[in-house]
Amino acid sequence: MKIMVSGSVAYDRIMDFPGKFSDHILPDKIHMLNVCFMINELKENFGGTAGNIAYALSLLGEKPDVVASAGHDFNAYGNWLRENGISTDFIRIIPTEFTAGAYITTDNQDNQITAFNPGAMKHSSAYDFNSLDPQKTIAVVAPGNLDDMYNFIKIYKQRRIPYIFDPGQSLPAWNKNQLLEMISGAKIFISNDYELGLTIEKTRATVQELSSMVEILITTKAEKGSSVMFKRDGRLDTVDIPAVIPFRISDPTGAGDAFRAGLIKGLLLPQQDIIHAVKMGTVSASFCVEVHGTQNYSFTKELFNERFAAEFSLTAY
C-alpha cells in the first residue's frame, strides 16, 4: 500500500531557561513588555505532524510519502528522513522561506513561551495525484497548509481514496461548513477529547451525528486511553481501549502522531481489524512519551511486539 502523509514538517527549537518567567515580568508593566531571558541551552528537534507520523511509520516497517512544504534550511531534516527510509520527493522546497519552526522557551516551573513561524508552510505543496491507485493507497490529512488540507480531501473523495482526517490544531481555522465537508466521507475522523469538543461546538453536530458521517470515529484521551465508534451489525458500537503505560513519562509531545502511525500500520494488516489497529496506536504512542522530542525514540519490531503482547496478550504484527 502507498501511504500518503500530508501535514507539516518543522524544526522544534527548545530552550531551557533556569529561572521563573514570573520573576522577570512585572504585572503592572505587562502593557509595555520588554524582557530578555538568558537560556542554558538550545536543542533542535525534527518535528511537524507529517514528519512525526512518517517517522513512526518507518519504525513500523513502512515507507510513507510525505507531502508538505519546507524551506531552504531543510537539508538536515531531509537527510534524516531519507536515512529512515522516508521519501522526500514530494516535499516542495520554497527557497525564499525557512522551514516552519517552533521556538519554545521553558522555565524551571514548566511554564512555556512559544513562538511559531509557519515559514514555508504558508505555501501549498505540489503533488500530482493522478498517479495514485485508489485500491492501493491510504492517506492521512494532518494539520499543515490549510489549502492543502481542504483540497487534498476533495481529491481523495473524487478518486475514492480512503483517508484519515486529523484536524488537530487547525480546527479554529475552519468554519462549520468546511469542517463538515472534510469530515463527511472520511474513513476515520480522529481527534483528542478536547478537539472533539471543539468540533462539536463548531459544527453543532452530536457525536452520533459525526460518527454517521464517517466509517470510524476515534477519540484519544491521553492516559485514559481511547474510544472507537463504528457500525457493527447495523448499529453504532463504542469500544474503549486502555492506554499502554510507558516505562517513564518524559514528554507527551508527538504521542498523538505516533498513535496515528500505529493505527495506520494496523489498518494495513490482512485482518484490517480496527480494534487491533487502535491497540497498535496506543503501543506506538507509549514509546514516544518516554523521551523528549518527537522523533528521538526508537523501537524494533521485536520490542514493539513484546510490549504489545505484555499489554494485550497478542502479537501485533
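Just so you know, this note's numbering puts 1065 at position 248 of the sequence shown, and the rest follows in order with no gaps.
Ideal Cβ positions, reconstructed from N, Cα and C, are used throughout, including at glycine.
In the structure shown, M855 adopts coil according to DSSP, grouped into three states. Given a length threshold of 3 residues, each whole run of the beta strand (DSSP E) inside the segment 931 to 965 is given here in chain order: 954 to 958.
DSSP, reduced to helix, strand and coil, places F891 outside both helices and strands of the structure shown, so it counts as coil. Residue pairing by DSSP puts F863 in a beta bridge opposite Y828. A Cβ-Cβ distance of about 28 Å is found for the pair D1074 and T1023, leaving them out of contact under the 8 Å criterion.
Taking all protein chains shown into account, N962 has 16 or more neighbouring C-beta atoms within 10 Å of its C-beta and is therefore buried.
Rounded to the nearest angstrom, the Cβ distance from T954 to M821 is 6 Å, consistent with a contact under 8 Å. According to the DSSP secondary-structure assignment, Q929 is paired through a beta bridge with T923.
With a cut-off of 8 Å on Cβ pairs, the segment 845 to 865 is not in contact with the segment 942 to 954, counting fewer than three such pairs.
Across the structure, P960 and G865 are spaced so that their CA atoms are roughly 9 Å apart. For N1113, no beta strand (DSSP E) encloses it, and the DSSP letter there is neither H nor E.
Within its own chain, the residues whose Cβ lies closer than 6 Å to the Cβ of N869, once the five positions on either side in sequence are excluded, are G1071, D1074, T1111, listed in chain order. D983 has its alpha-carbon roughly 18 Å from the corresponding atom of E1026.
Using a Cβ distance threshold of 9 Å, Y967 and Q995 count as a contacting pair. Between the C-alpha atoms of I1066 and V1108 there is a straight-line separation of about 7 Å.
Distance between K971 and A1039, taken at the CA atoms: about 31 Å.
Straight-line spacing of the CA atoms in A1127 and F1064 works out to 13 Å. In the structure shown, R977 adopts coil according to DSSP, grouped into three states. Taking a cut-off of 8 Å for Cβ pairs, the segment 1087 to 1105 and the segment 889 to 905 do not touch, as fewer than three such pairs fall below it. At a Cβ-Cβ threshold of 9 Å, V958 and S823 count as neighbours.
Residue state for D1090 is assigned as coil, using DSSP reduced to three classes. For secondary structure counted as the alpha helix (DSSP H) over 4 or more consecutive residues, the segment 1019 to 1085 holds these complete runs in sequence order: 1024 to 1029, 1072 to 1084. Distance from the CA atom of I1000 to the CA atom of M1030, rounded to whole angstroms, is 7 Å.
When DSSP reads this structure, K880 sits in no beta bridge, so it has no partner. Closest by C-alpha distance to D1054, out of R830, I1092, E1123, is I1092. F1006 and P844 have their C-alpha atoms some 43 Å from each other. N968 sits in a helix when the DSSP states are folded into three classes.
With respect to D924, F1047 sits apart: the two C-beta atoms are not nearer than 9 Å. For the set D882, Q926, Q929, the Cα lying nearest the Cα of R909 is the one of D882.
Secondary-structure assignment with DSSP links R909 through a beta bridge to S886.
With respect to the 9 Å criterion, A1094 and L1080 are classified as neighbours on the basis of their beta carbons. Secondary structure note for I847: it is in no alpha helix (DSSP H), with a DSSP letter that is neither H nor E. Counting only the Cα atoms, Q1089 lies some 7 Å from G1083.
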